[in-house]
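When you line the sequence shown up against our numbering, it's residues 207 to 738, in that order.
Heads up, the beta-carbon is just placed ideally off N, CA and C, and yes, glycines get one too.
Note sheet for the following structure.
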Amino acid sequence: MKARPWLLLILCAVVASAIAGAIGRLDATPATPKPRVLRIAMNTSDLPTTTGAPSQGLEGLRFAGYPVFEPLVMWDLRVTDRIPGVIPWLAESWTVDAADRNRWTFRLRRGVTFHDGSPFDADAVIWNLHRYFDTSAPQWDAAGGAWARSRAPILKSWEKIDDHTVVISTSTPTSYFPEVLTTVLFVSPARWRELKGDWQAFAQRPAGTGAFRIDEVNRTAITMSRNPAYWNRARAAKVDGVKLYAMGEPTTRVAALRSGEVDWVENPPADALPFLRKAGYQIATSPMPHVWAYFLRSRPGGPFHDLRVRQAMNYAIDREGIVTLLNGAARPAQGFWEPEDRRFGQPTNRYAYDPARSRALLKAAGYPADKLVPVRVLTTPVASGQMLSLPMNELLQQSAAKAGFKLEFMVVEGNQMNAMSRNDSPKMGDIDIYNKGYNTGESTYLYYWMYPPNIANYFDKASKELLDEYRVTFDPVERDAILLRLHERFVDDAPMAWVVHDVNPRAFAPNVRGYTPARSWYTDLTTIYLTD
């Protein structure tokens, strides 16, 4: 059969068009993929500072600290079945001198650079320590120094041995010194010099060694991008960037998640959890070493100078009611640690809500049965670790009234409350209770809150002796045994009313993957990735 000329023409045209299309596709410039940026709404009233000494409490350290600036030793945040221990980081190893327990030697990791390309070495370590602890140094940073000294008050001196070895000395033997150093972060001396020694200018163009680098800081957000030259390839970031927002109001955070403005919210409000789950959002919880508590100030003339009144307040706390209020996103607290913790021990008192027992203790302390004991509580609605402070306090006000106490609240902004918490602050005045959530996973905070002088005005000779003994004990088994005895003492002597342990609630958009639920106050952002 003869081919029809018109059919051949059509076939030739089709083939020519297909070839031209293929050539066109080969010549076309590939589309640039959209950067995958993780957007986080923090539970803070303001953005953390970006100089390597972040404000906004441990939430600032969690998001604007560790991802960008790093310490010599670090928490192993990829461990999920126990409280993370300290592992080598910018230092590849460390030792304490057996003959002089104040002398610690750190061998620095080679090949690490800051975001500006300058080397991390012994000179950079020494420069940073002068920045934090030497008021006469040209690079002295008052704000950063206050940050570091509050966390590492025992750091005494430092010296360079060679380009990759430094020795740091403490003022007293301190077995938990590596834990202390997890919060001393390092920044680039070269970037500071480039910016003429201006720390405010540095905050706009900071340089650390972390998996992320800060690109922009403005009033509304901190914008970071993945560090392509990060030294720790096994823990390199999977997202292209991170954007941090400060959203102190819980409903604002949830609204931002639902509208697609953010992908991750800290501490979503309890009443929103069932709805968010039903709507397809992910809710993550994990046990963490954190307790929300009342510090019972034993000031002369105040009600809590009497042990019976301190114990009465612990029996006036409706912990189960708080857990219900939080839709199960908390656990009742009877002390620093949970009863199954090996350090909890066997205290005489196992606190639970018992109004009758509370009133009996108040009567034994000389308070009339027909009048409530007035106590003034200092709290803040928004701050790192404060959970849902105001609703929780309102419930406790009601339960405490049935147990013989009248709670009166003084509500201040978070930074103001932190400033007032200084032991010598005259503004504490007639405050009876300091309401604060705090980290129980690090020994340094045990000393920060409980070693005299402290915010609770608490002094107990036996407790102080145990704290002193723990500080100079380097054997792990012996240290745990000391903590057990110390915890039993604290629970029965009741310098605090422990309310609930946090379970670290977070809500994520459906496309957030790779979250590692570390049993820690901190989190590893480098494991996160986003799907389409």
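Collapsing the DSSP output to three states places I332 in a helix. N520 sits in a helix when the DSSP states are folded into three classes. Using a Cβ-Cβ distance cut-off of 8 Å, the region 607–622 and the region 458–467 are not in contact, since fewer than three pairs of beta carbons, one from each stretch, lie closer than that value. Residue pairing by DSSP places N645 opposite H496 in a beta bridge. Under the DSSP definition of a beta bridge, L244 partners with V448. Rounded to the nearest whole angstrom, the CA to CA distance from T380 to L361 is 10 Å.
Counting C-beta pairs closer than 8 Å gives three or more between the region 522–541 and the region 704–712, which meets the contact rule. Under the criterion of beta carbons closer than 8 Å, I639 and V583 qualify as touching, at roughly 4 Å. Checking the DSSP bridge columns, you'll see I428 partnered with V423, L450. Inter-residue distance for L672 and R411 is about 45 Å (C-alpha atoms, whole angstroms). Below 8 Å, enough C-beta pairs join the region 439–459 and the region 241–250 to call them touching: three or more. In this structure G591 is buried. Its beta-carbon is surrounded by 16 or more other beta-carbon atoms within 10 angstroms. For the options S564, D730, T737, the alpha carbon positioned closest to that of A443 is the one of D730. Residue R525 holds the alpha-carbon nearest to the alpha-carbon of D560 among T530, G551, R525. In the DSSP assignment, the residues bridged to M280 are I293. Sorting R307, W704, D347 by C-alpha distance to the C-alpha of G403 places D347 at the top. With a threshold of 16 other beta carbon atoms within 10 Å, A352 falls short and is exposed. Your pair P493 and T388 does not check out as a contact, with CB atoms roughly 20 Å apart and the cut at 8 Å.
Out of Y653, P553, Q488, R357, the CA that lies nearest to the CA of Y721 is found in Q488.
DSSP lists F501 as the bridge partner or partners of M702. Residue burial annotation: A330 is buried, with at least 16 other C-beta atoms found within 10 angstroms of its C-beta.
With contacts defined as CB atoms closer than 8 Å, P480 and T457 fail to qualify as a contacting pair.
Judged by DSSP in its simplified three-state form, T376 adopts strand. In this structure, A413 and H511 do not form a Cβ contact; the two beta carbons are roughly 51 Å apart against a cut-off of 8 Å.
Close CB contacts of G647 within its chain, under the 7 Å cut and outside five residues either way in sequence, are with I289, P495, S726, W727 (chain order). The beta carbon of K633 is closer than 7 Å to those of M626 in its chain, skipping five residues each way along the sequence. Sequence-distant Cβ neighbours of T257 in its own chain, meaning closer than 8 Å and more than five residues away, are D347, A349, G350, V393, W405, F408, A409, P412. Taking C-beta atoms as the reference points, A668 and Q517 fail to come closer than 8 Å.
As DSSP reads the structure, V302 sits in a beta bridge with W310. Closest in C-alpha terms to R503, from the list D686, N641, F680, comes N641. DSSP places E675 in the uninterrupted alpha helix (DSSP H) bounded by 667–677. With respect to the 8 Å criterion, N660 and Y651 are not classified as neighbours on the basis of their beta carbons. Leaving aside the five residues that flank A715 on each side, the residues in its chain whose CB is nearer than 7 Å to its CB run, in chain order, L463, D469, Y487. The criterion of a C-beta distance shorter than 8 Å is satisfied by L391 and G271. Under the 10 Å beta carbon count, E265 is surrounded by 16 or more other beta carbons and is classified as buried.
DSSP places I360 in the coil class of the three-state scheme, outside both helix and strand.
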